[in-house]
Amino acid sequence: MSLTAVSDVSRRRFLHTLGGIGSGLVLTQCKTVPTDGTTTTVTLRQPRLPWPVVFKGEAKFSKLCERARKENWANLPIPQRTVTVGKALCGTPYGNYTLEIDDKIESPSVNFDMLDCWTFYESSLAFSRMIKNPPQFWSREAMLHYIELERYRNGSCDGSYLSRMHHLEEVFANNEQRGLGNNVTRSIGGIPVRRNVREMQSAWKSYRYLRANPSLVSEMAKVEARVSALPVTYVPRSRVGGIESQLQDGDVLAVASQDPSGYTSHVGLAVRDGKNCRFMHATSVRSKGRCCVVDTRISSYLQEKSSNMGLIVFRPSEAPLLG
């Protein structure tokens, strides 16, 4: 799945919409980060693009911060904390291509006024990680830092479109390598799958940055070749009902697709509901409100479209606190 525009369409278009733009916040570049509550020295810099471009929905962000303080969300474990944030974002309108904000400059960004499936899970997780810090650290800069940490290769945006990870498979692998979570798909019955990922290089005219910089297409092809070589596993949809009890609050649930040019087509978060696990996501489907919702059981959701092949599951962990 690539960071594109639609929550219920082609994997690449869907994920690209929420791709990353944003600020010049830089985290210490290390392959592994401490996740035991320790702090790391982080330089929170001003964004490369104007604040109104990279940070939309400040009023909503402020209200979320106030609610988090009053209800002590920071005291929740990260799985329940992420779900609590996601539920607070439910009702937010669905919007495409919210990360396509410039022709040349790539910078971390966030948009609380509208979300697609990728930016919904990403914003929920980043806000959840941010509020683990003392409230004096809750800021636009900190929010963009935690977005950058998850969205960009090795946690650092260098201003180039190619520093953003545009495929969920790479996001999961890179974040796991840095100690920010675990891909648990294989451990719950996942089986191998192989794709020749070409969605971005083939549909490059659909992406603002690639249209404006066609010389990047050949480099994107190299990125997609590396993504194609990743060891990806998925749980077939016929087996998802049997493993629902093993899914946890806040798990990132990526829908594996039949599309031969990519691995995934949609993404959201797991929400425990007694013995069942529901799917919380940003949907473009009008009959579901075209907004962020807590939907049906994930096993039932996968049956709604024949192109839904199964499930890939990533379990996030805490991120380093700000020093």
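Residue numbering for the sequence shown follows my numbering, beginning at -1 and increasing consecutively. Heads up, the beta-carbon is just placed ideally off N, CA and C, and yes, glycines get one too.
* Please work out which residues of its chain come closer than 6 Å, Cβ to Cβ, to Ala66, disregarding the five sequence neighbours upstream and downstream, and give them in chain order. => Ile129
* Evaluate contact between the segment 296 to 310 and the segment 139 to 153, counting only Cβ atoms and requiring at least three cross-stretch pairs below 8 Å. => no
* Looking only at its own chain, which residues have a Cβ that is under 8 Å from the Cβ of Val238, when we skip the five neighbours before and after it? -> Answer for Val238: Ile296, Ser297, Leu300, Gly308 and Leu309, listed in chain order.
* Does DSSP classify Gly287 as helix, strand or coil? -> coil
* Distance between Ser304 and Asn131 (C-alpha atoms, nearest Å) -> 43 Å
* Please say whether Arg79 and Ser126 have beta carbons closer to each other than 8 Å? => Against a cut-off of 8 Å, the Cβ pair of Arg79 and Ser126 comes out as a contact.
* If we count the other Cβ atoms within 10 Å of its Cβ and call it buried at 16 or more, is Arg176 buried or exposed? -> buried
* Nearest CA to the CA of Ala280: which residue from Ile99, Cys115 and Ser263? -> Cys115
* To do: Following the continuous alpha helix (DSSP H) through Pro50, name the residue where it begins and the one where it ends.
  => Trp49 to Val52
* Along the chain, which unbroken stretches of the alpha helix (DSSP H) at least 4 residues long are found entirely within the segment 62 to 94? -> 76 to 87
* To do: Tell me whether Tyr232 sits in a helix, a strand or coil according to DSSP, three-state version.
  => Collapsing the DSSP output to three states places Tyr232 in a strand.
* Relative to the C-alpha of Asn274, which residue among Thr262, Lys286, Val292 and Ser285 is closest? -> The shortest C-alpha to C-alpha distance from Asn274 to any of Thr262, Lys286, Val292 and Ser285 is the one to Val292.
* For Met128, the three-state DSSP class (helix, strand or coil) -> helix
* Buried or exposed: Asn194, going by 16 or more other Cβ atoms within 10 Å of its Cβ? -> exposed
* Ser259 and Glu168 look like a contact to me (Cβ under 8 Å); what is the Cβ gap, rounded to whole Å? -> Incorrect: roughly 15 Å between the Cβ atoms, too far for contact.
* His279 - containing beta strand (DSSP E), residue span -> Asn274 to Ala280
* Please state whether DSSP places Pro314 in a helix, a strand or coil. => strand
* **Reduced DSSP secondary structure (H/G/I, E/B, other) of Arg162** => Strand at Arg162.
* Taking all protein chains shown into account, do 16 or more other C-beta atoms lie within 10 angstroms of the C-beta of Glu64, making it buried, or fewer, making it exposed? -> exposed
* Going straight from the alpha carbon of Trp49 to that of Arg149, what length do you get? -> If I take the Cα positions, the gap works out to 19 Å.
* To do: Tell me His323's beta-bridge partners as DSSP assigns them.
  => For residue 323 there is no data in the structure shown, the boundaries of the chain being -1 and 321.
* Residues near Leu74 by beta carbon distance below 7 Å, same chain, minus five either side -> Result list for Leu74: Thr82, in chain order.
* What are the boundary residues of the alpha helix (DSSP H) that includes Ile145? -> Arg138 to Arg149
* Is there at least one non-hydrogen atom of the ligand ADP closer than 7 Å to the beta-carbon of Leu251? -> No copy of the ligand ADP occurs in the structure displayed, which carries no ligand at all.
* Unbroken stretches of the alpha helix (DSSP H), 4 residues or longer, contained in the segment 192 to 240 -> Counting only runs of 4 or more, we get 197 to 200, 206 to 210 and 215 to 226.
* Under a three-way DSSP split, which group does Pro133 fall into? -> helix
* To the nearest angstrom, how far is it from the Cα of Gln256 to the Cα of Val191? -> 11 Å
* **Sequence-distant residues of its chain with Cβ nearer than 7 Å to Gln199 (five each side left out)** => Val215, Met218, Ala219 and Glu222
* Asked: In terms of DSSP beta bridges, what is Pro258 paired with?
  -> Bridge partners of Pro258: none, in fact.
* Grab the span of the beta strand (DSSP E) containing Gly324 for me, first residue to last. => The displayed coordinates of the chain run from -1 to 321. Any statement about residue 324 would go beyond what the structure contains.
* C-alpha gap between Pro314 and Leu178, whole angstroms -> 6 Å
* Would Gly153 be called buried (16 or more neighbouring beta carbons within 10 Å of its own) or exposed? -> buried
* Asked: Whose C-alpha, out of Arg206, Leu251 and Ser60, is nearest the C-alpha of Arg138?
  -> The closest CA to that of Arg138, considering only Arg206, Leu251 and Ser60, is found on Ser60.
* With Gly93 and Leu113 assumed to form a contact (beta carbons below 8 Å), what rounded beta-carbon distance in angstroms separates them? -> So it is a contact: roughly 7 Å between Cβ atoms.
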